[in-house]
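Note sheet for the following structure.
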Amino acid sequence: MFRRRTNRWDELAVMVDTGAAYIAYLVAIHVYLTWINPRVATVRLATFYYSFSAVVLGLSWLVLKLNFRGYSRRWNQLPAEMGILLLSNVEINLGLAMLIFIFKATWFSRIIFLILPVASMIFQTMVHGLIKIGVGRFRLSGRDMRRVVVIGYPKRVGIFSDTVASVPEAGLAVTARWEVPLGDADAGQRAVQGLYRMVHETVVDTVVLALPMADDVMMEAIRLARREGKEVRMILDEVGALAHRSRLYDFYGNSVLVVDSSRAHQTSRRIVKRAVDLLGSAVGIIITSPLMLLIWALMKWDDPKSPVLFVQQRVGLNGRAFPCYKFRTMVPNAEELKSQYNHLNMMSGPVFKIENDPRVTRIGAVLRKTSLDELPQLFNVFWGHMSLVGPRPALPSEVSQYGEDYRKRLSVRPGITCLWQISGRNNIDFQEWMKLDMQYIESWSLLLDLKIIVKTIPAVLQQRGAH
Numbered sequence: 001m002f003r004r005r006t007n008r009w010d011e012l013a014v015m016v017d018t019g020a021a022y023i024a025y026l027v028a029i030h031v032y033l034t035w036i037n038p039r040v041a042t043v044r045l046a047t048f049y050y051s052f053s054a055v056v057l058g059l060s061w062l063v064l065k066l067n068f069r070g071y072s073r074r075w076n077q078l079p080a081e082m083g084i085l086l087l088s089n090v091e092i093n094l095g096l097a098m099l100i101f102i103f104k105a106t107w108f109s110r111i112i113f114l115i116l117p118v119a120s121m122i123f124q125t126m127v128h129g130l131i132k133i134g135v136g137r138f139r140l141s142g143r144d145m146r147r148v149v150v151i152g153y154p155k156r157v158g159i160f161s162d163t164v165a166s167v168p169e170a171g172l173a174v175t176a177r178w179e180v181p182l183g184d185a186d187a188g189q190r191a192v193q194g195l196y197r198m199v200h201e202t203v204v205d206t207v208v209l210a211l212p213m214a215d216d217v218m219m220e221a222i223r224l225a226r227r228e229g230k231e232v233r234m235i236l237d238e239v240g241a242l243a244h245r246s247r248l249y250d251f252y253g254n255s256v257l258v259v260d261s262s263r264a265h266q267t268s269r270r271i272v273k274r275a276v277d278l279l280g281s282a283v284g285i286i287i288t289s290p291l292m293l294l295i296w297a298l299m300k301w302d303d304p305k306s307p308v309l310f311v312q313q314r315v316g317l318n319g320r321a322f323p324c325y326k327f328r329t330m331v332p333n334a335e336e337l338k339s340q341y342n343h344l345n346m347m348s349g350p351v352f353k354i355e356n357d358p359r360v361t362r363i364g365a366v367l368r369k370t371s372l373d374e375l376p377q378l379f380n381v382f383w384g385h386m387s388l389v390g391p392r393p394a395l396p397s398e399v400s401q402y403g404e405d406y407r408k409r410l411s412v413r414p415g416i417t418c419l420w421q422i423s424g425r426n427n428i429d430f431q432e433w434m435k436l437d438m439q440y441i442e443s444w445s446l447l448l449d450l451k452i453i454v455k456t457i458p459a460v461l462q463q464r465g466a467h
């Protein structure tokens with residue numbers, strides 16, 4: 001019965017979120033036709049927009065339903081829900097863009113794409129906040145409670161029980177607990193026997209286990225709980241923590257657990273990030289094409305015989321080499337002259353940087369100061385070598401000198417900009433640079449990418465750390 005009630009809460013949440021997305025679309029239409037561009041407002045155009053709202057409604061429900069599958073409102077906090085909603089709104093917008101492109105709906109204003117996700121997030125955040133408050137008060141009265149039994153090491157059992165007691169709005173009640181000291185087989189057997197009695201004589205909704213993954217008591221308790229049809233949740237130890245950000249799938253009859261080493265490696269997030277990269281790089285190439293042509297012409301005028309582009313092998317995703325494109329900012333034989341200036345290197349670690357590098361050309365100095373030499377890397381992003389945001393692509397010689405702590409840097413696509421660019425670039429040392437890259441990989445989100453892109457603009461204009 002409780003499981004059905006929980007499902008009803010989640011079904012209601014998906015319906016409410018879908019309704020909020022639908023209302024956000026209607027608001028976006030109204031704002032566009034009434035305030036932004038009232039001159040184009042006609043009955044025919046309005047009919048198109050309102051007819052299309054049925055598509056928005058269906059797409060929103062499907063995306064939210066898939067993203068909230070297996071999602072438990074009771075065990076998660078509001079920020080986790082907001083993360084799912086943000087991802088859902090991005091996917092909804094991408095889905096709409098795809099449908100508009102396929103059906104050539106030229107009447108559809110791109111401005112609505114800007115209004116819709118913002119309005120959706122505002123409405124959905126308000127709704128989720130109200131649901132949290134309402135459900136919390138409902139549970140504080142002692143209703144809709146999920147009865148939990150806990151088995152595990154004394155310290156872990158105590159910490160978990162205290163946490164449950166401190167958040168009564170979560171609707172959890174620890175009705176029994178068994179502490180199993182390390183190596184105490186008798187205590188383990190008593191715990192399993194006690195669990196057996198509990199599930200047969202009382203109401204038990206969830207069994208929480210705080211033992212090592214390979215522990216015999218853990219496995220026996222899991223088998224018992226599964227046999228009785230009880231939900232099992234495990235508090236992970238150091239080894240079990242590897243299952244964090246993991247997914248299980250069947251590979252031709254073999255059960256395979258895929259462990260993602262960071263948020264950036266999760267399949268859904270990789271797909272969204274790649275879609276944003278494709279769209280962003282395509283738009284960037286179109287917008288900056290006149291500027292790139294102008295730079296090309298100026299460089300040819302300044303030095304007709306030398307190449308305009310500097311193509312260098314860099315190390316990309318999982319160690320794959322790729323040709324990285326930049327506008328040439330140095331003399332053609334810059335690499336041959338590098339050994340003469342090793343004593344001027346201003347960076348620690350394997351990276352080579354010189355302030356007022358004598359190998360830099362006249363136009364190259366301007367390009368480096370303004371970061372315009374990086375524009376051709378938009379093509380690297382479009383072709384999948386790089387991302388708009390990510391650790392800067394390293395040279396093979398630099399990677400060969402990486403310590404074990406920095407190898408994870410190669411687990412994501414390199415980017416045009418990252419935390420390093422907005423934190424001072426060449427003004428920070430190599431160790432701090434690597435820490436910023438690790439921080440980015442561990443805490444990646446679409447919102448973080450957006451923040452970095454926005455902060456990159458003033459960093460470039462102010463020429464912070466550019467040499």
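Numbering (UniProt numbering), first residue to last: 1 to 467.
Beta carbons are placed, not taken as given, at the ideal position from N, Cα and C, and that holds for glycine.
- In the three-state reduction of the DSSP assignment, SER120 falls in the helix class.
- For ALA225, the uninterrupted alpha helix (DSSP H) run begins and ends at 216–227, by DSSP.
- Cβ-Cβ separation between PHE379 and TYR325: approximately 6 Å, consistent with a contact (criterion under 8 Å).
- For LYS455, the closest of TRP444, THR417, GLY136 by C-alpha to C-alpha distance is THR417.
- In the DSSP annotation of this structure, the continuous segment of the alpha helix (DSSP H) that includes VAL157 starts and ends at 154–166.
- Judged by beta-carbon spacing, ARG314 lies within the 8 Å limit of PRO393, meaning their Cβ atoms are closer than that value.
- The Cβ atoms of ARG328 and PRO307 sit closer than 8 Å to each other.
- Here ILE92 is not near ALA28, since their CB atoms are 8 Å or more apart.
- A Cβ-Cβ separation of about 18 Å leaves VAL389 out of contact with ILE287 under the 8 Å criterion.
- For LEU375, there is no enclosing beta strand (DSSP E), as DSSP marks it with neither H nor E.
- Each of SER371, ASN89, THR202, TYR153 was checked against the Cα of ILE122, and the nearest Cα belongs to ASN89.
- Closest in alpha carbon position to ILE159, among MET145, ARG177, ARG143, ARG147, is ARG177.
- Residues THR329, MET330, ARG368 of the same chain have their beta carbon placed closer than 7 Å to that of VAL360, with the five preceding and five following residues left out of the count.
- A distance below 8 Å between beta-carbons, with the five flanking residues on each side excluded, links GLN377 to the following residues of its chain, in chain order: CYS324, TYR325, LYS326, MET386, ILE416.
- SER51 is classed as exposed because its beta carbon has fewer than 16 other beta carbons within 10 Å across all chains shown.
- Apart from the 5 residues on each side of it in sequence, LEU375 sits with its Cβ closer than 6 Å to the Cβ of THR288, MET292 in its chain, given in chain order.
- Judged by DSSP secondary structure, VAL454 falls outside any beta strand (DSSP E) and instead within the alpha helix (DSSP H) spanning 446–461.
- In the three-state scheme derived from DSSP, where H, G and I count as helix and E and B as strand, ARG368 is classed as helix.
- Beta-bridge pairing by DSSP links TRP433 to no other residue.
- In the DSSP secondary-structure assignment, ARG359 is not bridged to any residue.
- Per DSSP, ARG328 lies in no alpha helix (DSSP H) and is assigned neither H nor E.
- LEU317 sits in a helix when the DSSP states are folded into three classes.
- DSSP places MET145 in no alpha helix (DSSP H); its state is neither H nor E.
- In this structure, the beta-carbon distance from VAL192 to ALA210 does not fall below 8 Å.
- Contact between the region 101–121 and the region 32–40 is present: three or more C-beta pairs spanning the two stretches fall below 8 Å.
- Secondary structure note for SER397: its alpha helix (DSSP H) is the uninterrupted segment 396–399.
- If you check the CB distance, VAL232 and VAL207 come in under 8 Å.
- Linking ILE100 to ASP429 through their CA atoms gives a straight-line distance of about 47 Å.
- The shortest CA-to-CA distance from VAL127 to any of GLU169, MET82, PHE382, VAL157 is the one to MET82.
- Setting aside the 5 residues that flank it on each side, THR106 has no residue in the same chain whose C-beta is closer than 6 Å to its C-beta.
- The DSSP-derived three-state label of PHE310 is strand.
- Nearest in C-alpha terms to LEU395, of all of GLY319, PRO358, LEU172, is GLY319.
- The C-beta separation of THR163 from THR202 comes to about 22 Å, leaving the pair out of contact by the 8 Å criterion.
- Counting every other CB atom within 10 Å of its CB across the protein chains shown gives ILE151 a total of 16 or more, marking it as buried.
- Cα atoms of TRP301 and TYR32: separation of roughly 47 Å, rounded to the nearest angstrom.
- If you look at VAL174, you'll find it isn't in any alpha helix (DSSP H); it sits in the beta strand (DSSP E) that goes 172–179.
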